[in-house]
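Asks:
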Amino acid sequence: METLPSGNSLDAARAGDEWATTCLFRESNPALLRFLRHHAPDVAEDLLADTWLAAAKELPKFQGDAGDFRAWLFTVARRRVADHYRRLHRRPSLVELEAENLPPAGDRPDESSLEALSAQSAIEALVRDLPPDQAEVVLLRVVADLSVDQVADIMGRSPGSVRVLQHRALRLLETRWTRESVTQ
Amino acid sequence: MSPDSFDNSTADAFLAGKIAAPDVPLGYQRAADLIRAARVPASPSELAAEDQVVATLLAQVRAARPRTAIPRGRTLAKILTLKGAVLATVIFGGGVAMAATGGVPAHVQSAISAGLAAVGFAPSHSDNPAGTPTPPFGPSVTTTSAPGRAGSKASTGGRCAQNTITSATTAQGVGVATTLPASSNSACSNPGVPAGVPAPPAGSTGPNAPAPGGSSNGAVGDTPSPTTTSPPKNTTHGPPAGTPNGPPTTAITTATTITTTTTPARGGNNGNGNSNGKGVGNGKGNNSGKSAASRPGSSVANGTGGVA
């Protein structure tokens, strides 16, 4: 997983340093794209561009450290997703994964299959059976690599509520795969 | 590690993919694998738009830097300039207002007047005779006061400064008018002027404006010209027509001299120290305006045709 932008690189990016800006992009863009592909696979690239445009306007005056900036990026991304579905007048649909990217049901992927499994397919397999709020917590914790407090801020919940959702998600994952193993 | 043994720190480590595979609790192996797969480094396709995004970020950052830095300084400078202007206006205006209303003690007033006169600015004094009601202060600065006998409306109804600082008292009539009549009623504001009195020609009372026919304001007898139509610094009033002129009794005043002459005029006089009314001794004199009189020693009338 990408490392968080360091404070120095964020400061340098704010000052207009090209190298630091490139690092900032490389460290944040893959996670953003995976997050957006989960929520709006058809327009993920467009929403990603909108997110970066917003980031470009905000970056010169952004106050905070690298973690705050990363959390802010995902906050903007979520808003773009919400705006997108508001325009469509419909609720977000579950990601329709292509059949070839789905891990075989009931099979525990071995190392070779994991190698072949794309990051996006792994994300979808991880959260596909979770309720939306639990899936969102897992996404923000795993993909965006945010802390409980940051996820709580983004989702408008208390940290305790986020921890409860996280725990329930883990229990649900354990139950699902345990049952699948038994049925095999 | 049992599934229920996930405390906060363990859950955080699990979701961060930091728990080694052998330590993953039973039943969570697949989840751990997916988490690790979800956190793999970026593929080239996920960085395809790097150049465009980085260029956009840099452009925005570099464009935003001057906008955030320079306008603050400009705004601050504007604010400071505005504050300074307002402060200066308040101080100066307040001082003028105090001087106008007589709020300044006499000795302070004299000192200020002397100082201002030294630099070429000659404000009027506002010392009123005791018991004299103070009408609204006129805009005049030239305040040679000498209550005339006939043309006394200006001096009685209006507010005439008695301590005169002549700043615009040069008579430049055609005649040889070398002195100003002491009894001139210049610079009197005349709130008691009857309405409907025609205003003098605009050009006749302005600073350095020639008085056509030698008459600036004095064509109308006994009717003082309303000072409201006069320029602030050189208000002149015509003497009553046909009024005999008093002899020029006083004084060649300079801008630096505070003349406190209160010589009563025997005749109607010129009405103004610097006006040259028709039939009055100053004849065709022109108002030379403040600019001429403001120079020390320049208040000599240079008339050529009038009779002083």
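Protein chains in written order, with this note's numbering: chain A, 7 to 190; chain B, -18 to 289.
Quick reminder that beta carbons are idealized off the backbone N, C-alpha and C, glycines included.
1. Between the segment 20 to 33 of chain B and the segment 28 to 37 of chain A, do at least 3 Cβ pairs fall closer than 8 Å?
2. Would residue -8 (chain B) and residue 183 (chain A) be called neighbours here (beta carbons separated by less than 8 Å)?
3. Just mark residue 89 (chain B) as buried or exposed, buried being the case when its beta carbon has 16 or more other beta carbons within 10 Å.
4. Measuring only between beta-carbons, confirm whether residue 37 (chain B) sits less than 8 Å from chain A.
5. Determine the direct distance from the alpha carbon of residue 42 (chain B) to that of residue 140 (chain A), and round the result to whole angstroms.
6. Do you know whose CA, among A:52, A:23, A:95, A:69, lies nearest residue 38 (chain B)'s CA?
7. For residue 148 (chain A), go through chain B and note every residue whose CB falls closer than 7 Å to its CB, in chain order.
8. Given this structure, state the Cα-to-Cα distance separating residue 51 (chain A) from residue 61 (chain B), to the nearest angstrom.
9. In three-state DSSP terms, what is residue -10 (chain B)?
10. Which first and last residues belong to the alpha helix (DSSP H) in which residue 68 (chain A) is found?
11. So, does the segment 63 to 70 of chain B touch the segment 61 to 73 of chain A, judging by three or more C-beta pairs under 8 Å?
12. Less than 8 Å between C-beta atoms, sequence neighbours within five positions excluded: which residues of the same chain meet that for residue 158 (chain A)?
13. Are any of the Cβ atoms in chain B nearer than 8 Å to that of residue 184 (chain A)?
14. Can you look up residue 95 (chain A) in the DSSP assignment and give me helix, strand or coil?
15. Of all the residues that make up the segment 157 to 184 of chain A, which are near chain B by a beta-carbon distance shorter than 7 Å?
16. With H, G and I counted as helix, E and B as strand and the rest as coil, what does DSSP make of residue 0 (chain B)?
17. Can you check whether the CB of residue 53 (chain A) is closer than 8 Å to the CB of residue 88 (chain A)?
18. In angstroms with no decimal places, state the Cα-to-Cα distance between residue 92 (chain B) and residue 59 (chain B).
19. Per DSSP, what kind of secondary structure is residue 43 (chain A) in: helix, strand or coil?
20. Residues of the segment 46 to 80 of chain A in Cβ contact with chain B at a cutoff of 8 Å, in chain order, please.
21. Should residue 48 (chain A) go down as buried or exposed, given a rule of 16 or more other Cβ atoms within 10 Å for buried?
22. Is the CB of residue 34 (chain B) under 8 Å away from at least one CB in chain A?
23. Rounding to the nearest angstrom, what Cα-Cα distance links residue 146 (chain A) and residue 56 (chain B) in this structure?
24. Please classify residue 71 (chain B) as buried or exposed, where buried requires at least 16 other C-beta atoms within 10 Å of its C-beta.
25. Looking at C-alpha atoms only, which residue of A:26, A:156, A:86 is the closest neighbour of residue 76 (chain A)?
26. Looking at the unbroken alpha helix (DSSP H) that takes in residue 11 (chain B), where does it start and where does it end?
27. Is the CB of residue 142 (chain A) under 8 Å away from at least one CB in chain B?
28. Just list the beta strand (DSSP E) runs in the segment 58 to 102 of chain B, keeping only unbroken ones of 3 residues or longer that don't cross its boundaries, in chain order.
29. Is residue 152 (chain A) closer than 8 Å to residue 80 (chain A) when the C-beta atoms are compared?
30. On a Cα-Cα basis, can you pick out the residue from B:-4, B:35, B:86 that is closest to residue 291 (chain B)?
31. For a contact defined as C-beta to C-beta under 9 Å, what are the partners of residue 31 (chain A) on chain B?
32. Label residue 133 (chain A) either buried or exposed according to how many other C-beta atoms from any shown protein chain fall within 10 Å of its C-beta, with 16 as the threshold for buried.
33. Give me the chain A residues within the contact set of residue 42 (chain B), using Cβ-Cβ distance strictly less than 8 Å, ordered along the chain.
34. Counting only C-beta atoms, is residue 73 (chain B) closer than 8 Å to chain A at any point?
35. What residue does the alpha helix (DSSP H) around residue 145 (chain A) start on, and which one ends it?
36. Is there a Cβ of chain A sitting closer than 8 Å to that of residue -8 (chain B), yes or no?
Replies: On the basis of the data shown:
1. yes
2. no
3. exposed
4. yes
5. 36 Å
6. A:23
7. -4, 16, 19, 20
8. 49 Å
9. helix
10. Per DSSP, residue 68 (chain A) belongs to no alpha helix (DSSP H) and is neither H nor E.
11. no
12. 164, 165, 167, 168
13. yes
14. coil
15. 169, 172, 173, 176, 177, 179, 180, 183, 184
16. coil
17. no
18. 35 Å
19. helix
20. 51, 54, 55, 58, 59, 61, 62, 63, 65, 66, 67
21. exposed
22. yes
23. 43 Å
24. exposed
25. A:156
26. 10 to 19
27. no
28. none
29. yes
30. There is simply no residue 291 (chain B) to check, as chain B begins at -18 and stops at 289 in what is shown.
31. 28, 30, 31, 34, 35, 38
32. buried
33. 19, 20, 21, 22, 27, 62, 65, 66
34. no
35. Neither: residue 145 (chain A) is in no alpha helix (DSSP H) and is coded neither H nor E.
36. yes
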